[in-house]
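Q:
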Amino acid sequence: MTDEHTRLTDPVYRSLSIDRRDTLRNGNSPEKRSRWFLYLSAIVVNLLSFTVASGFSWTSSALQKISSDDMSVNPLGKPATPTQESWVASLYPLGAAVGPLIAGKLCDTLGRKRTMLAIAVPKLICLIAVCFASDIRIYYAARFIMGMVLGTTFAILPLYLAEISEIHNRGTISSIFSVALNCGIVYCLLIGPLCSLKLLTLLCTVPLIMFIFIFGLFIPESPVFLVSVGKHKEALKVLQKLRNTTDVKEELQEITKSLELHLAEKKGVWDLFRDKQLRKALIIVVGLVNALQIAGINPIVAFLEGIFRASGSNMSVYLTTNLTGVLQVIGTLITVLIAEKFGRKTLLIFSSVGVLISHVILAIYFFLNQMHYNVENISWLPVASLFFYMLMFNLGISAMPFAVMGEVFIHSVKASGASIATFTSFLTSFVITLAFRIVFSKYGLSYCFSGLTVFIILVLLFVYFVVPETKGKSEAEIQQLLKK
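Following UniProt numbering, the numbering of the sequence shown begins with 1 at its first residue and continues without gaps.
1. Under DSSP, the alpha helix (DSSP H) around Asp271 begins and ends at which residues?
2. So what's Gly325 in DSSP terms, helix, strand or just coil?
3. With a threshold of 8 Å, are at least 3 pairs of Cβ atoms found where one atom belongs to the segment 36-48 and the other to the segment 58-72?
4. Can you give the Cα-Cα distance for Ala142 and Thr346, rounded to whole angstroms?
5. Which residue from Ile214, Leu319, Gly306, Ala96 puts its Cα closest to that of Leu437?
6. Return the chain-ordered list of same chain residues with a C-beta closer than 6 Å to the C-beta of Thr51, the five sequence neighbours on each side being excluded.
7. State buried or exposed for Tyr187, treating a residue as buried only when at least 16 other CB atoms are found within 10 Å of its CB.
8. Closest to Ile173 by C-alpha separation, out of Ser358, Asp135, Arg35, would be which residue?
9. Is the beta carbon of Ala97 less than 8 Å from the beta carbon of Phe430?
10. Would you mind stating whether Ser60 and Ala235 have Cβ atoms separated by less than 8 Å?
11. Just to check my reading of the structure: Leu278 and Val413 have Cβ atoms closer than 8 Å, yes? What is that Cβ distance to the nearest angstrom?
12. If you count every other CB in all the chains shown that lies within 10 Å of the CB of Leu8, and 16 or more means buried, which is it?
13. Only counting the same chain, and skipping five residues up and downstream in sequence, which positions put a Cβ closer than 6 Å to that of Met392?
14. Taking all protein chains shown into account, do 16 or more other C-beta atoms lie within 10 angstroms of the C-beta of Phe225, making it buried, or fewer, making it exposed?
15. So, under 8 Å CB-CB, Ser313 and Thr320 are touching, yes? Tell me the CB distance rounded to an integer number of Å.
16. For Gly55, tell me which candidate among Asp271, Ala155, Cys183, Thr109 has the shortest Cα-Cα distance.
17. Taking only the alpha-carbon atoms, compute the straight-line gap between Tyr318 and Ile191 and give it to the nearest angstrom.
18. Just to confirm, are Leu159 and Arg112 a CB contact at a threshold of 8 Å?
19. What are the boundary residues of the alpha helix (DSSP H) that Ile432 is part of?
20. Our contact map puts Ile294 next to Val459 with C-beta atoms below 8 Å; I'd like the distance itself, whole angstroms only.
21. Within this structure, are the beta carbons of residue 492 and Ser258 separated by less than 8 Å?
22. Near Leu427, which residues of its chain fall below 6 Å by C-beta distance, leaving aside the five closest residues on each side in sequence?
23. Would you tell me roughly how many angstroms separate the C-alpha atoms of Met400 and Leu239, rounded to the nearest one?
24. With Ile136 as the anchor, note down where its alpha helix (DSSP H) starts and where it stops.
25. Taking the C-alpha atoms as reference points, what is the distance between His232 and His359?
26. Go ahead and pull the three-state DSSP assignment for Lys280.
27. Quick check: the Cα distance between Ile297 and Asp247, rounded to an integer number of angstroms?
28. Span of the alpha helix (DSSP H) holding Met210?
29. Return helix, strand or coil for Glu221, following the three-state DSSP convention.
30. Roughly how many whole angstroms lie between the Cα atoms of Cys126 and Ser90?
31. Quick check: what's the CA-CA separation for Met1 versus Pro468?
32. Going by alpha carbons, who is nearest to Thr83 out of Val285, Lys442, Ile456?
33. Among Lys484, Ala53, Ala291, Lys78, which residue has its Cα nearest to the Cα of Asp135?
34. Since Met405 is in the alpha helix (DSSP H), which residue starts that stretch and which ends it?
35. With Trp87 as the anchor, note down where its alpha helix (DSSP H) starts and where it stops.
36. Between which residues of its own chain and Gly472 is the CB-CB distance below 8 Å, once the five residues before and five after are set aside?
Rendered as structure tokens:
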């Protein structure tokens, strides 16, 4: 069945004009115009993802400080134990597993915008609490609550980006999420070793405060949500602003009819498990967001300084840590530029192969090192492999799961599906982050990277055999793919 035949079976598509059909097919617009406000909105909302991502790399410097015998840098008054370090790192993804359980209901009731503004407040309070904390239990509580904000952000923000974008720029807009995440990670990697833990944590509040004010005052609600609650006039104005044109009535009509069709089906959260088509969408998204975690990004970032120290490299830990972060950003920027040129599946496979190569090299190197082989002449190899890992991970695995998440669910189950997927993702992240530190301490890094090697092979098989290509396809076409 051809793509055009699939489109013509869709009643929403058939009701559109020839110009609008051409836009959907090819990303062409009868009127070439700037979408500056669309991209501005995507950048501003991602100040929130920037902030929550900094929580991952915050531990890279924070754990070095709270485990130090030097009380001038350790605010706790005594060194943290390896177990305490592990909990400080892993309670963040554990909280993130809880956040999505309330995210779906919140964003469908309050809206995408008000929910994101609401969760920014406890994040700010927790950061301030950590600034002045001298008890490890405050760290535990704050990290767990901030983790809930992290999980809610991951469940809602990609949906918001998908709902404000168009078919021909959906991949690019969605990829900004990953760029912001990596910029947030680099932010703490860059400034963490240069300042006290209190100042580092205070500096993490700056982008969050910017988000609250700029997003709250100037950036609109998702037009899809506005239509879903009957605010058609407001949705029309938002679309006009996002598209930089007054000619958006057909797009509004398309959104309205699409919502009417899906709401008429009355699909709910349990249909994600009962309905074959929705279940397949859920399996795809759950698999992809968990692929992101089992590729090892969170424990690697959390314990990055420790990994570099264990490598035996003569390079500066500060320099290598920040070069790693810069490569993360470069990788996601490249993804933004090529997201609409290559398929989601192609990028996922390419990225996974690169990550696999990196993990194999790291596992072999640390095995030789643990067996006391002379690896002095190749001490540069683990550093180069981690650089390669960060670049390859961010060329696909980092961004594409969130692009696909915004594409494969119908509206009536979109928030619920994203919440379930995000819950499983961060539950996996919690287990891997906790286990990584324990295995690192007891058995060494060769075991850590050997395990990650097995996981990434499973990811490759999953992407190749299960994940469909969604680039450039309308919602109707994607749903047809899921029926097969």
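Yeah, the Cβ is synthetic: ideal placement off N, Cα and C, and Gly gets one too.
Here the structure is a predicted model, which means the values were calculated and not measured.
A: Taking the coordinates as given:
1. The residue you call residue 271 lines up with position 271 of the sequence shown. Annotation for Asp271: the continuous alpha helix (DSSP H) segment containing it runs 271-274.
2. Reading the sequence shown from its first residue, position 325 is the one you call residue 325. Reduced to three states, the DSSP call for Gly325 is helix.
3. Contact between the segment 36-48 and the segment 58-72 is absent: fewer than 3 CB-CB pairs across the two stretches fall below 8 Å.
4. Within the sequence shown, numbered from 1, the residue matching residue 142 stands at position 142. Within the sequence shown, numbered from 1, the residue matching residue 346 stands at position 346. Taking the straight line joining both Cα atoms gives about 39 Å.
5. Walking along the sequence shown from the start, residue 437 turns up at place 437. According to the sequence shown, residue 437 is Arg rather than Leu. Considering only alpha carbons, the answer is Gly306.
6. Counting from 1 along the sequence shown, the entry for residue 51 is found at position 51. So the list reads Pro207, Leu208, once near-sequence residues are dropped.
7. Position 187 of the sequence shown, counted from the first residue, corresponds to residue 187. Buried, since its Cβ has 16 or more Cβ neighbours within 10 Å.
8. The sequence position of residue 173 within the sequence shown is 173, counting from 1. If you compare the alpha carbons of Ser358, Asp135, Arg35 with that of Ile173, the shortest gap goes to Arg35.
9. Along the sequence shown, read from residue 1 onward, the residue named residue 97 stands at position 97. Along the sequence shown, read from residue 1 onward, the residue named residue 430 stands at position 430. Yes, these two residues count as a Cβ contact at 8 Å.
10. Position 60 of the sequence shown, counted from the start, is the residue given in the question as residue 60. Position 235 of the sequence shown, counted from the start, is the residue given in the question as residue 235. In terms of Cβ geometry, Ser60 and Ala235 do not form a close pair [threshold 8 Å].
11. Residue 278 sits at position 278 when you count from the first residue of the sequence shown. Residue 413 sits at position 413 when you count from the first residue of the sequence shown. Contact annotation, Leu278 with Val413: C-beta distance approximately 6 Å; criterion of less than 8 Å satisfied.
12. As a working mapping, residue 8 is identified with position 8 in the sequence shown. In this predicted model, Leu8 has a pLDDT of only 45, less than 50, meaning its place in the structure is not dependable enough to derive any value.
13. Along the sequence shown, one-based indexing puts residue 392 at 392. The beta carbon of Met392 is closer than 6 Å to those of Ser351, Gly354, Val355 in its chain, skipping five residues each way along the sequence.
14. Stepping through the sequence shown from its first residue, residue 225 is reached at position 225. With 16 or more Cβ atoms within 10 Å of its Cβ, Phe225 is classed as buried.
15. Here residue 313 corresponds to residue number 313 of the sequence shown, with the count starting at 1. Here residue 320 corresponds to residue number 320 of the sequence shown, with the count starting at 1. 7 Å between Cβ atoms; contact.
16. Residue numbering aside, residue 55 sits at position 55 when the sequence shown is read from its first letter. The residue among Asp271, Ala155, Cys183, Thr109 with its C-alpha nearest the C-alpha of Gly55 is Cys183.
17. As a working mapping, residue 318 is identified with position 318 in the sequence shown. As a working mapping, residue 191 is identified with position 191 in the sequence shown. Each residue's alpha carbon lies about 10 Å from the other.
18. Residue 159 sits at position 159 when you count from the first residue of the sequence shown. Residue 112 sits at position 112 when you count from the first residue of the sequence shown. Going by C-beta atoms, Leu159 is nearer than 8 Å to Arg112.
19. Taking the sequence shown and counting its residues from 1, one reaches residue 432 at position 432. 411-442 is the extent of the alpha helix (DSSP H) around Ile432.
20. The residue given as residue 294 occupies position 294 in the sequence shown. The residue given as residue 459 occupies position 459 in the sequence shown. Correct: roughly 7 Å between the Cβ atoms.
21. Beyond the ends of the chain as shown, which are 1 and 484, falls residue 492; an answer cannot be given.
22. Numbered from 1 along the sequence shown, position 427 holds the residue referred to as residue 427. The residues are Ala97.
23. Counted from its first residue, the sequence shown places residue 400 at position 400. Counted from its first residue, the sequence shown places residue 239 at position 239. Between Met400 and Leu239, the C-alpha separation is close to 25 Å.
24. For this step, residue 136 is matched to residue 136 along the sequence shown. Its alpha helix (DSSP H) spans residues 136-164.
25. Position 232 of the sequence shown holds residue 232. Position 359 of the sequence shown holds residue 359. The alpha-carbon atoms of His232 and His359 are separated by roughly 51 Å.
26. In the sequence shown, residue 280 corresponds to position 280, counting from 1. In this structure, Lys280 counts as helix in the three-state DSSP scheme.
27. Stepping through the sequence shown from its first residue, residue 297 is reached at position 297. Stepping through the sequence shown from its first residue, residue 247 is reached at position 247. Going by C-alpha positions, Ile297 is about 43 Å away from Asp247.
28. Here the question's residue 210 lines up with position 210 in the sequence shown. Where Met210 is concerned, the enclosing alpha helix (DSSP H) stretches over 205-218.
29. Here residue 221 refers to the residue found at position 221 of the sequence shown. The answer is coil: DSSP assigns Glu221 none of H, G, I, E or B.
30. Here residue 126 refers to the residue found at position 126 of the sequence shown. Here residue 90 refers to the residue found at position 90 of the sequence shown. Distance between the alpha carbons of Cys126 and Ser90 is about 16 Å.
31. Counting from one through the sequence shown, the residue named residue 1 turns up at place 1. Counting from one through the sequence shown, the residue named residue 468 turns up at place 468. Low confidence applies here, because Met1 scores a pLDDT of 46, under 50, leaving its location unreliable; read the following figure in that light. About 15 Å.
32. In the sequence shown, the residue the question calls residue 83 occupies position 83. Proximity to Thr83 across Val285, Lys442, Ile456 peaks at Lys442, based on C-alpha coordinates.
33. Residue 135 sits at position 135 when you count from the first residue of the sequence shown. Comparing Cα-Cα distances from Asp135 to each of Lys484, Ala53, Ala291, Lys78, the minimum goes to Lys78.
34. Here residue 405 corresponds to residue number 405 of the sequence shown, with the count starting at 1. Where Met405 is concerned, the enclosing alpha helix (DSSP H) stretches over 400-408.
35. Here residue 87 corresponds to residue number 87 of the sequence shown, with the count starting at 1. Segment 82-98, the alpha helix (DSSP H) holding Trp87.
36. Counting from one through the sequence shown, the residue named residue 472 turns up at place 472. Cβ within range, chain order: Gly27, Ile167, His168, Glu340.
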